[in-house]
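Residue numbers (our numbering), protein chains in the order written: chain A, 1 to 194; chain B, 1001 to 1194; chain C, 2001 to 2194; chain D, 3001 to 3194.
For each residue, glycine too, the CB sits at the ideal point set by N, CA and C.
There are 4 protein chains.
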Amino acid sequence: MGKHRLEAFSDGVLAILITILVLELKVPHGTEITSLAPLLPVFLTYVLSFAYLGIYWNNHHHLLQLCSRVTGSMLWANLVLLFWLSLIPFATGWMGENHFATWPTALYGVVLLMAALSYTWLQTLIIRAEGPDSLLAQAVQADWKGKLSLALYALAIAVSFRLGWLSLALYVVVALIWLVPDRRIEKIASHAPH
Amino acid sequence: MGKHRLEAFSDGVLAILITILVLELKVPHGTEITSLAPLLPVFLTYVLSFAYLGIYWNNHHHLLQLCSRVTGSMLWANLVLLFWLSLIPFATGWMGENHFATWPTALYGVVLLMAALSYTWLQTLIIRAEGPDSLLAQAVQADWKGKLSLALYALAIAVSFRLGWLSLALYVVVALIWLVPDRRIEKIASHAPH
Amino acid sequence: MGKHRLEAFSDGVLAILITILVLELKVPHGTEITSLAPLLPVFLTYVLSFAYLGIYWNNHHHLLQLCSRVTGSMLWANLVLLFWLSLIPFATGWMGENHFATWPTALYGVVLLMAALSYTWLQTLIIRAEGPDSLLAQAVQADWKGKLSLALYALAIAVSFRLGWLSLALYVVVALIWLVPDRRIEKIASHAPH
Amino acid sequence: MGKHRLEAFSDGVLAILITILVLELKVPHGTEITSLAPLLPVFLTYVLSFAYLGIYWNNHHHLLQLCSRVTGSMLWANLVLLFWLSLIPFATGWMGENHFATWPTALYGVVLLMAALSYTWLQTLIIRAEGPDSLLAQAVQADWKGKLSLALYALAIAVSFRLGWLSLALYVVVALIWLVPDRRIEKIASHAPH
């Protein structure tokens, strides 16, 4: 089964989600620079969620490149991943508009955690299909980034009721972990058939 | 006539519809977990409609894979299918916001029924073009899933005025019928040229 | 210059426009069938505009298939076409919500006329590049459909201030002219390289 | 690493942004031609932003055509470019709804300037990867258009607090600089592998 349409559909959904995010930035009524001030938390959350969706697109791109055959289970795992990602604009809006209040901040973490679990599921399915000696299995290996992210999301949710600022800091840290380019994977990917 | 753009356009519309659905999940004003409670029926309907659109994308993907030549009639049948699917966000919103009231629940079924009929029409056109010995004709054969879905939609609409919960249960059942992977078709599809 | 991205971008914009249309169908507050009644004119306009955007996508699909080389001028003509098509949801909303009042009905025609002129411009550029003996030049030939549409749009705008129902009927007629499949062009297109 | 998905994702985001712009054109309540009058500044800003996004898509199209290999840094530079472009609908809405007031007009320039800087960054990365003798390096060369645009944006921001109309005129001028076709680049691009 070809992977072209899976990529095209995922690209479409991710492109729309990343763009729908900006709809939360409601045009203010005033014309002074100060009328933008209340938008600052919404804007910062926008930047964070934009980065997350960009990271997911980027990782998805690499993951699929190393996948030679798409199975039915992968289609569903991918759909579940897209489902959780589709809740990011909602979680972003709730957190941004409420200046990082407790429950919205926790929910943001839950959505990120569920998306990360779905991504791990999709990755596991692809590795299983490609075999233990595949380029992907080598590229992912211990997958410490993936495991660390899951742990940090769980920690962020746990502390959100006491230390909201720490949860937020953890979300930023996870994003930074992924934004730093991982040249090793890229190198392996460059040997893969496209 | 190439099928590439038909797939690209359908993927685009489906990706947008699945994402527009989430716009019905309006960010609540409160910051307590309880402020999410009124959103629960909207959220459950969102999950159901997301699954339906995902199933349609998946089936459309398989159907087009087994189609070697796109005719003008197929373009129109596909457009009619997209038209009915485009009404899913509206029907979802009306049903979810009104806690599964009678008329909205019936309308949801009508939209699903019309979409299913359009899909059957498109499938019939493709089978006719491919011939009775084609891979698609073999894969679909008696098409009991398709026929059962049509019957269950009709039943759900009929009972919606007396037993709204049954209609809803039937919509969930049809979705589950399609979510269970059909390895036989996948097997046949894997022999088809992409 | 490859035409792949021109097609992809146009498909994307058309897919989004056709889906944005449905956002005009606002979920009603009541749960009775009667609460859908005020939506009827909006719904009918939605069907009409959906058909128009579908027709444009279809014709654009065929036109580009017969285009072997994309020039800079074609990119701009295409962008101008997309600009006028992008105003269709606005014109649809204004006409539908105002029950086909005079000015909205006239504006709808103006938008359709400008889109048709842009399409004709794009078609002329492609025919010029392909040459008078090209498949496209043969397929389009006298282009009576295109010319008739332009005339009918102009007529519809002219009469909209006196006979609004006639304008509306003319919009429906033009759509029907294009919905009836034109097997001759399809036949020629089937000989073209994809 | 293949560039196909980078193009597809960027096309998707650009197509959605150009279409989201039109959502700022809110359907007016009246049915007279005069009820469109308050929309005029919004409409003119829409035309300007539509042109800008069209220009970016066009230039991005050419740039990627001359790029033979996509690196990780290019993916991030591209994402940053899309981020700034994603703010165009917001900046457009704020400027259009406030009849080109001071701060909104300045912000519009800032968003354009940041987008232009991101584009320059992406272009520099690609030229570096392609080498000084590449077709792209020759096509861009002194890049006076790019440099002039950056200078004009900076000037427009600077004067926006005193001469708002001049800022606006400068935004129009930059758009016109890019809308005039640059046959030299097109000629070089036509020799490139697609």
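Under the three-state reduction of DSSP, R128/A is assigned to helix.
Taking 4 residues as the minimum length, the alpha helix (DSSP H) runs contained wholly in the region 2003 to 2028 of chain C are 2004 to 2020, in order along the chain. For R2005/C, the closest of P3028/D, N3058/D, C3067/D, L3107/D by C-alpha to C-alpha distance is N3058/D.
When DSSP states are grouped into helix, strand and coil, H3099/D belongs to the coil group. Counting only residues of its own chain and dropping the five nearest sequence neighbours on each side, S3073/D has a CB closer than 6 Å to the CB of L3125. In the structure shown, the three-state DSSP call for T1105/B is helix.
The beta-carbon of T2031/C is placed less than 8 Å from the nearest beta-carbon of chain B. In the structure shown, A142/A adopts coil according to DSSP, grouped into three states. Per the C-alpha coordinates, the member of R1069/B, P1104/B, A1051/B, V1022/B positioned closest to S2035/C is P1104/B. Minimum Cα-Cα distance from L122/A among the listed residues L39/A, L53/A, V70/A corresponds to V70/A. Using a Cβ-Cβ distance cut-off of 8 Å, the region 2083 to 2090 of chain C and the region 2016 to 2032 of chain C are in contact, since at least three pairs of beta carbons, one from each stretch, lie closer than that value. DSSP places G3030/D in the coil class of the three-state scheme, outside both helix and strand. Shown here, V3070/D sits in coil according to DSSP, grouped into three states, outside any helix or strand. Those residues of the region 1120 to 1136 of chain B placed with their C-beta closer than 8 Å to a C-beta in chain C do not exist. For V3174/D, the enclosing alpha helix (DSSP H) stretches over residues 3164 to 3179. Those residues of the region 1064 to 1098 of chain B placed with their C-beta closer than 8 Å to a C-beta in chain C are T1071, G1072, S1073, L1075, W1076, L1079, L1082, F1083, S1086, L1087, P1089, F1090, G1093, W1094, E1097, N1098, ordered along the chain. A distance of 8 Å or more separates the beta carbons of Y1056/B and Y1108/B. One finds F1090 in chain B with Cβ atoms closer than 7 Å to the Cβ of L2025/C, taken in chain order. Interface flag for L3017/D against chain A is set, since a Cβ pair is found closer than 8 Å. Taking a Cβ-Cβ cut-off of 9 Å, the neighbours of P1028/B in chain A comprise W94, given in sequence order. Counting the other CB atoms within 10 Å of its CB gives P3028/D a total of 16 or more, which places it among the buried residues. Annotated as proximal: A1106/B and I1157/B, with beta-carbon spacing under 8 Å. One alpha carbon belongs to L1081/B, the other to L1053/B, and they sit about 12 Å apart. The three-state reading of DSSP puts S1134/B in coil, since its state is none of H, G, I, E or B.
Against W3178/D, chain C offers no close residue; the least beta-carbon distance is about 11 Å (beta-carbon pairs closer than 7 Å). In this structure, the straight-line span from the alpha carbon of G3131/D to that of V140/A is close to 32 Å.
Counting only Cβ-Cβ distances below 7 Å, D1011/B has contacts in chain A at R5, A8, F9, G12, in chain order. If you check the CB distance, F161/A and T102/A come in under 8 Å. Within the model, the alpha-carbon separation for G1164/B versus E2024/C is close to 28 Å.
Put simply, the backbone Cα of V3042/D is about 27 Å away from that of A2154/C.
Look at S1149/B here: in three-state DSSP terms it is helix.
A residue is called buried when at least 16 other Cβ atoms come within 10 angstroms of its Cβ; D3133/D does not meet this threshold and is exposed. Interface annotation, P2041/C: not in contact with chain D, CB-CB separation never under 8 Å. Ranking L2044/C, S2118/C, S2149/C by CA distance to the CA of V2022/C puts L2044/C first. For P41/A, the uninterrupted alpha helix (DSSP H) run begins and ends at 40 to 65, by DSSP.
Annotation for K3/A: L64, C67, V70 place their beta carbon closer than 7 Å to its own, counting only its chain and skipping 5 residues before and after.
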